[in-house]
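From first to last, the protein sequence lines stand for chains B and G.
Count along the first sequence from 1, add 17, and you get the number used in the working numbering.
Count along the second sequence from 1, add 326, and you get the number used in the working numbering.
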Amino acid sequence: MTIRNSRGSLIFPMVIALMIMIFSIFYFYHNAFMVRKVEDQRLLSVGGLKALVVSTKALLNSPHAFMTSAQLTSNGSFWNCLNNPNFNCNVSTEQDFNLLNEDGTLYVDMTAGRGYTPTFESCDSYPSLACPFRYELKWFRECVGPGACYSPDLFIRGQLVIANIGGLKNLINPESYDFLVKVR
Amino acid sequence: MKKNILNRKGVTLIESLVGVVLILGSIMGALGVLQLVSGGQKKNEDDLDYVAKRNQVISLLIDDTSWGKMVDEDENPEMGCLLKQDATSESERDCTGKTDSLRLLNIKGELVYDFRSAVVGFSRAGKDCDTYDGTPGGGNPVCPYRLDVRWEALCSSSPCINPPIRFRGTHSFNSPLNQIVPNLEVLDFTVIKMGMFCPSTTVPNGLVAGSQTTYVAPSQVMSDQNTKVNTIGIARSNQVMVPCRRINMSFVEDMPNAGDVSAPYYAIDPENNASVAIVNEGTNTAVYEFVRHNIGGVNTYELRYNGVTVFNKPNWLTIDRSTLFQFKIVNGLVKFCIEERCYHYFPEKLDFPFRFSFRPAALPYSPTGISGVSTSMTDL
Chain B
18 MTIRNSRGSL IFPMVIALMI MIFSIFYFYH NAFMVRKVED QRLLSVGGLK ALVVSTKALL
78 NSPHAFMTSA QLTSNGSFWN CLNNPNFNCN VSTEQDFNLL NEDGTLYVDM TAGRGYTPTF
138 ESCDSYPSLA CPFRYELKWF RECVGPGACY SPDLFIRGQL VIANIGGLKN LINPESYDFL
198 VKVR
Chain G
327 MKKNILNRKG VTLIESLVGV VLILGSIMGA LGVLQLVSGG QKKNEDDLDY VAKRNQVISL
387 LIDDTSWGKM VDEDENPEMG CLLKQDATSE SERDCTGKTD SLRLLNIKGE LVYDFRSAVV
447 GFSRAGKDCD TYDGTPGGGN PVCPYRLDVR WEALCSSSPC INPPIRFRGT HSFNSPLNQI
507 VPNLEVLDFT VIKMGMFCPS TTVPNGLVAG SQTTYVAPSQ VMSDQNTKVN TIGIARSNQV
567 MVPCRRINMS FVEDMPNAGD VSAPYYAIDP ENNASVAIVN EGTNTAVYEF VRHNIGGVNT
627 YELRYNGVTV FNKPNWLTID RSTLFQFKIV NGLVKFCIEE RCYHYFPEKL DFPFRFSFRP
687 AALPYSPTGI SGVSTSMTDL
């Protein structure tokens, strides 16, 4: 048995060819549309990221915001390491640094799950498609001599973390938004 | 044999009609899809141009140079408190509640957008226009977008001096036509900036004589005992400084070691105390203060804030007459440092014009008093 138009009609093959053509055109436009949409999303995120990093650095540079943040118990031994020269700053690993806004609300919240939406609204379901960005602040110390670690060099590192969801990781280079501040 | 109605090529009339309907349907469907995609793409291109515009505004806002131009401009009068951070009157420096729409300037001081104008807007393609109509139910289809950027002094309490600045960008869309309205909330933005403007001041290059009663509060004055009188007095920086930049001031202090003085003079005498302070130029009081004294034959120091001791020298640290002491100020954050290492950070922000005051120990305890005073200033 052969599948053919026994009457020699060209109508159905033409219809099928036409539909393939139409869907090809649709596919092409759809792809172009999606490329622009992704670029749009990337640009939107880049603007939001720039604002976030600038604001974070500004608050670290604000005496009130920084000094109140430094004293948060959630920042562990940071305050003692910074301001108590008799304290042995025996902290060998990087620690979370929660940063307060000028008004005392948390600006960078290191609680697990806290993150940002693609348009940089705060969210608490990181990592997820709706909450794909997280900005992390960590502090660490470098002792200046052997023995007890009094008044060590202190650093705060800012690092963008992108959830491996939705292809955002391929669009934005997170390292562009990292920074390192020497507090002492 | 069943009889069909066939054309000459063997296609039935019904098949032909079905074919024509399918082709027409496909074309109509395709046109619809193309229109939809094209419309979506057009909207997407609008969004893209508009996002680029928004990002350009953000870049200008966070540029220190352009912000300096904006503060200096007379047409942003609410920013006067920022200009007056060198005023000795606290009320003039106070930016509490200050907020306004912004006239956005570039680094050359040229007007880029006047967000204080109610008619400044953007077309769908992101082109500037000045015919925005925000009337509810009204609108202008060729100038339907608006971005309002406001600045505000960001403080948790009053007085709000040398504050961080928060910029808020809020988008709106108003058009009488049934146009596709973008999701504007995703375009809104907030940026915080710190230390973007600081009135210019002159770097101190010397000291001038000061009076005890004028520059140090009575409670901070050392009492004279047993006829041992402070013969050196107080000196102060010859220029007033503002804290909104990076200021390093270093000095050494000639402190006597055990045996350097003999009876009737003793190292523990109060006349052997020396102090260096950051003095509020407006109130003439020492606020941040380093006091070197001697306890049990050992030179030590304490740091005071408003006359109250807040830090003492750590036991493992030794100081002597060659030790380099420093006050370092970074945008109002005051640190006390020894040999370039900062051990104490005052939690309280320095927010007033100030001078350094120097009060050496009396003779014969300290033959050369406080010396090597050097001050440097750099912008943040």
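Note that the Cβ used here is the ideal one computed from N, Cα and C, for glycine as well.
Cβ distance (whole Å) where P470(G) is taken to contact N500(G) below 8 Å: 6 Å
Can you pull out the residues from the segment 142 to 170 of chain B whose beta carbon lies closer than 9 Å to at least one beta carbon of chain G? V161, A165, Y167, S168
Under 8 Å by Cβ, that's how I've got L116(B) and L154(B) pegged, so tell me the actual separation to the nearest angstrom. 6 Å
Can you name, in chain order, every residue of its own chain whose Cβ lies under 6 Å from the Cβ of A584(G), other than the five neighbours on each side? The answer, listed in chain order, is G623.
If I measure Cβ to Cβ from D375(G) and keep anything under 6 Å in the same chain, skipping five residues before and after, which residues do I get? Only A451, G452 meet the Cβ criterion.
Quick check on K434(G): does DSSP put it in helix, strand or coil? Here K434(G) carries a coil assignment [DSSP, helix/strand/coil].
Does P80(B) come within less than 7 Å of chain G when only Cβ atoms are used? yes
Nearest-angstrom Cα distance between K519(G) and N381(G)? In this structure, the straight-line span from the alpha carbon of K519(G) to that of N381(G) is close to 16 Å.
Taking the Cβ atom as the reference point for each residue, do H619(G) and N641(G) lie within a distance shorter than 7 Å? no
Where does M567(G) fall in DSSP's three states? Reduced to three states, the DSSP call for M567(G) is strand.
Bounding residues of the beta strand (DSSP E) (the contiguous stretch that carries F651(G)): 651 to 656
Taking only the alpha-carbon atoms, compute the straight-line gap between F441(G) and F45(B) and give it to the nearest angstrom. 40 Å
For P169(B), count neighbouring C-beta atoms within 10 Å of its own C-beta (all shown protein chains included) and say buried if the count is 16 or more, exposed if not. buried
Looking at N574(G) and K654(G), is the spacing between their C-beta atoms short of 7 Å? yes
I need the DSSP call for Q382(G), collapsed to helix, strand or coil. helix
Would you kindly work out how many angstroms separate the C-alpha atoms of R647(G) and C524(G), rounded to a whole number? Between the alpha carbons of R647(G) and C524(G) lies a gap of roughly 36 Å.
Could you please give the first and the last residue of the uninterrupted alpha helix (DSSP H) stretch that includes K410(G)? Taken as a continuous stretch (DSSP letters only), K410(G) belongs to no alpha helix (DSSP H), as it is neither H nor E.
With a CB to CB cut of under 8 Å and the five nearest residues on each side skipped, what residues in its chain are close to T635(G)? E628, L629
Which of the three DSSP states, helix, strand or coil, is assigned to Y691(G)? coil
In whole angstroms, give me the CA-to-CA distance for T701(G) and D595(G). About 30 Å.
With a threshold of 7 Å between beta carbons, is M575(G) in contact with chain B? no
So what does DSSP say about C98(B), is it helix, strand or coil? DSSP places C98(B) in helix when its eight states are reduced to three.
Excluding the five sequence neighbours on either side, which residues of its own chain have a C-beta within less than 8 Å of the C-beta of G121(B), listed in chain order? T85
Hey, is N632(G)'s beta-carbon within less than 7 Å of any beta-carbon in chain B? no
Start and end residues, beta strand (DSSP E) containing N103(B): First-last for N103(B): undefined, no H or E at that position.
Please report how far the alpha carbon of L177(B) lies from the alpha carbon of Y152(B), in whole angstroms. 5 Å
Measuring straight from C-alpha to C-alpha, what distance separates S41(B) and I433(G)? Approximately 49 Å, taken between the alpha carbons.
Ignoring anything shorter than 3 residues, give me the beta strand (DSSP E) runs that lie fully in the segment 128 to 173 of chain B, in order along the chain. 150 to 159
Can you list, in chain order, the residues of its chain whose CB lies under 6 Å from that of P582(G), leaving out five sequence neighbours each side? A593, Y691
Suppose only complete runs of 3+ residues qualify. What are the beta strand (DSSP E) ranges in the segment 631 to 680 of chain G, listed by chain order? Runs of the beta strand (DSSP E) inside the segment 631 to 680 of chain G: 634 to 638, 651 to 656, 659 to 664, 667 to 671.
Do the segment 670 to 684 of chain G and the segment 603 to 614 of chain G touch if we need at least three Cβ pairs shorter than 8 Å? yes
P403(G): which of D586(G), R429(G), E416(G), I384(G) sits nearest, CA to CA? R429(G)
Beta-carbon contacts of L480(G) that lie in its chain and below 7 Å, excluding the five residues immediately before and after: P489, P490, I491, R492, I518
Measuring straight from C-alpha to C-alpha, what distance separates F83(B) and V468(G)? 46 Å
Chain B contacts made by the segment 374 to 408 of chain G, where a contact means CB separation under 8 Å: Taking a C-beta cut-off of 8 Å against chain B, the contacting residues of the segment 374 to 408 of chain G are L374, V377, A378, R380, N381, I384, S385, I388, listed in chain order.
So, with DSSP's three-state summary, where would you put Y614(G)? strand
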